[in-house]
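A.B. asks: Under the working numbering, the first residue of the sequence shown is numbered -6, with each subsequent residue one higher.
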Amino acid sequence: MNTQPSKLDISVEQLRSIYAQFQGILDEKVALHLPQEQDTVKQEVLLQLQHFLVETMEMTSGSLNVVNANSGTSISDLIAQSQQEFVEPFDLELNEQVRQKYQEWEDHAVKVAQLRREAPKKLRVMYEQELESALSSADSAIEALSQQQGIESEEETDVVSELNNEMSMDYRESLVKLAHAQGELPKTRAKAQKVGQLLSYLEGEAGTLPIVDQ
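(1) Helix, strand or coil for valine 59 per DSSP?
(2) Taking the alpha-carbon positions, what's the glutamine 122 to leucine 171 distance?
(3) Quick one, are the C-beta atoms of leucine 124 and alanine 183 less than 9 Å apart?
(4) If the criterion is Cβ atoms closer than 9 Å, does the pair valine 23 and valine 38 meet it?
(5) Mind checking leucine 1: buried by the 16 CB within 10 Å criterion, or exposed?
(6) Serine 193: which of Leu168, Gln7, Pro179, Tyr120 sits nearest, CA to CA?
(7) Does leucine 191 get closer than 9 Å to chain B when you measure Cβ to Cβ?
(8) Tell me whether the beta-carbon of proline 113 lies closer than 9 Å to the beta-carbon of leucine 40.
(9) Quick check: the Cα distance between lysine 187 and threonine 181, rounded to an integer number of angstroms?
(10) Taking only the alpha-carbon atoms, compute the straight-line gap between leucine 128 and glycine 176 and give it to the nearest angstrom.
(11) Can you give the Cα-Cα distance for glutamate 94 and valine 34, rounded to whole angstroms?
(12) Within 10 Å of its beta-carbon, does leucine 209 have 16 or more other beta-carbons around it, so buried, or fewer, so exposed?
(13) Specify, as a first and last residue, the run of the alpha helix (DSSP H) that leucine 1 falls within.
(14) From the DSSP output, in three-state form, read off proline 28 for me.
(15) What is the DSSP secondary structure of serine 224, reduced to helix, strand or coil?
(16) Helix or strand or just coil, what does DSSP make of glycine 17?
(17) Classify valine 59 as buried or exposed, calling it buried when 16 or more other Cβ atoms lie within 10 Å of its own Cβ.
(18) Give the DSSP-derived three-state secondary structure of serine 10 in the structure shown.
What follows is the structure, encoded as structure tokens:
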């Protein structure tokens, strides 16, 4: 009397379908628990799980009878043949192109991060220099016009009868320029203050950016 337990008959297609279902479940688990990991880490984890799954299914070979497989073919060989049918051969040239493009992207990302950190500082220096020059010129012009107005006011009583039409027009023109310069100065200072606030905001934003390691 034969006391050995009977094996379960199964086809190659059924075996591969079972493997694919288990592999799909493992892929979903990895995606769930390692959503933020780099591709290299995920691929390594998936590869280890794939080896584990193949070894586990190979352990069931004593209880399975693959009816349409060649004699002596192991379960791991049948699974490997299935993978070769659906996986395209590795393209070394394409992989090198992808690697180069990824490296270019990393280089650009580093440059952008550097610019976003350094640009506000450079812009502030340029802004302060231009502002100082503009305000200095405005102050000098106002001071010169004020001095001219003061001198002309002191001498106005004595020389008003001697001024001709041309000198009178020059005097009035100087007063107009003085009034205009005094009226524009608050606007210039307000614009400078707005630019300063913008630079402070940009520097604050740059400080919160993640630093990209080169």
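Ideal Cβ positions, reconstructed from N, Cα and C, are used throughout, including at glycine.
C.D. replies: Taking the geometry as given:
(1) strand
(2) 24 Å
(3) no
(4) yes
(5) exposed
(6) Tyr120
(7) Within the model displayed, chain B is absent; a lone protein chain is all it includes.
(8) no
(9) 10 Å
(10) 13 Å
(11) Checking the sequence, you will find lysine at residue 94 rather than glutamate. The straight-line gap from Cα to Cα measures roughly 20 Å.
(12) The question about residue 209 has no answer here: the residues shown for the chain are numbered -6 through 207.
(13) Premise fails: leucine 1 lies in the beta strand (DSSP E), 1 to 3, not in any alpha helix (DSSP H).
(14) coil
(15) Lying before the first or after the last residue shown, residue 224 is absent from the chain, which here runs from -6 to 207.
(16) helix
(17) buried
(18) helix
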